[in-house]
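Reading through the structure tokens given below for one structure.
In our numbering, the protein residues as written are 41 to 339.
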């Protein structure tokens, strides 16, 4: 005789008040902390589907997310606060220009005013994160019309000087920079006291990171490499870029109900609210029903 398990979805309704200035100032959203995950009610005799992603943990108290597809920056804080800023990223069409690369980086150093030797212009609130690519403002306001609209830089992430002043004072050296186009195969989540057995990423984990990425892209549900909780050390000076892959076009995976524990994407709301709340769902050790259907927001 089979016992029935009922999964309930705890829905949190959040009222978000956004403030936006003409100069590209921050929109701030206070997102309350929640342990809820997105899962459909139990459906017997139905297959199990979900999006498989690789979750990396953030040990720092803040990180930056650059959405290339939205031309916005989200500043995520551990307390759930999310600030939104307009930006303009790299347009590869002009001579000597490149597209801003996707991946996980960190702020290498900072300078309130720095002269670009290549283009012979002053960069305000300069914060490089990928070699010679970084956040900065420019003298004047003529470039503001492109912020939040389309890529227009030679590769850097252009921001208003007002945004630059805010980010410069609230983003320490070593802060993570998560650059993607809306469909990364890797996601970030703040580590907390309930996250057991964290392993901090070192150079020795490079092969493991690639194996985990391959497992997601190849939809390998039972790959045990995804069970290792990996955290990114805070303020790491010799940080190496971490590839994030692209999960666009990858269909949800059918999960057999077996006693395995695999990290799954459970929630990734659209960024128009300025919110990117990522939770980690674990398949249960033992399920007595025939099947469960898990759903999540597609990117």
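Note that CB positions come from ideal geometry on N, CA and C, so glycine has one too.
Using DSSP with H/G/I as helix, E/B as strand and the rest coil, what is residue i?
i	result
residue 185	helix
residue 170	strand
residue 244	helix
residue 113	strand
residue 94	strand
residue 194	coil
residue 131	coil
residue 226	strand
residue 140	coil
residue 120	coil
residue 126	strand
residue 180	coil
residue 238	coil
residue 164	strand
residue 175	strand
Measure the alpha-carbon distance for residue i versus residue j and round it to whole angstroms.
i	j	result
residue 224	residue 281	15 Å
residue 284	residue 239	19 Å
residue 144	residue 209	21 Å
residue 291	residue 139	27 Å
residue 203	residue 277	24 Å
residue 186	residue 113	14 Å
residue 242	residue 273	9 Å
residue 206	residue 102	14 Å
residue 200	residue 126	8 Å
residue 159	residue 170	17 Å
residue 131	residue 196	9 Å
residue 396	residue 214	In the structure displayed, the chain extends from 41 to 339; residue 396 sits before or after that span and is not available.
residue 289	residue 162	41 Å
residue 287	residue 250	15 Å
residue 237	residue 124	33 Å
residue 99	residue 148	17 Å
residue 312	residue 156	In this prediction, residue 312 has a pLDDT of 35, which is less than 50 and means its spatial position is unreliable; what the coordinates show is noted afterwards. Going by the C-alpha atoms only, they are around 33 Å apart.
residue 120	residue 135	41 Å
residue 231	residue 108	25 Å
residue 188	residue 129	9 Å
residue 262	residue 182	53 Å
residue 122	residue 217	14 Å
residue 110	residue 165	22 Å
residue 245	residue 94	14 Å
residue 117	residue 275	15 Å
Considering just the uninterrupted stretch of the alpha helix (DSSP H) at residue i, what are its terminal residues?
i	result
residue 209	201-210
Taking C-alpha atoms, which residue in the options lies nearest to residue i?
i	options	result
residue 266	275, 272, 167, 252	252
residue 264	248, 275, 277	248
residue 293	134, 153, 259	259
residue 211	227, 190, 231, 151	151
residue 227	182, 121, 154, 270	270
residue 175	95, 254, 154	154
residue 229	90, 96, 119	96
residue 90	256, 268, 279	256
residue 133	246, 193, 94, 198	193
residue 105	261, 219, 117	219
residue 167	120, 129, 146, 179	146
residue 179	142, 115, 198	198
residue 221	182, 173, 141	141
I need the boundaries of the beta strand (DSSP E) containing residue i, first residue and last residue.
i	result
residue 146	143-146
residue 151	151-156
residue 105	102-107
residue 218	216-220
Hey, does residue i have any beta-carbon neighbour from chain D nearer than 8 Å?
i	result
residue 155	No chain D appears in the structure shown, which is made up of a single protein chain.
Practice item. Let me know the alpha helix (DSSP H) ranges lying completely inside the segment 246-287, each 4 residues or longer, listed in chain order. Key: Taken in chain order, the unbroken stretches of alpha helix (DSSP H) that lie wholly in the segment 246-287 and span 4 residues or more are 246-257.
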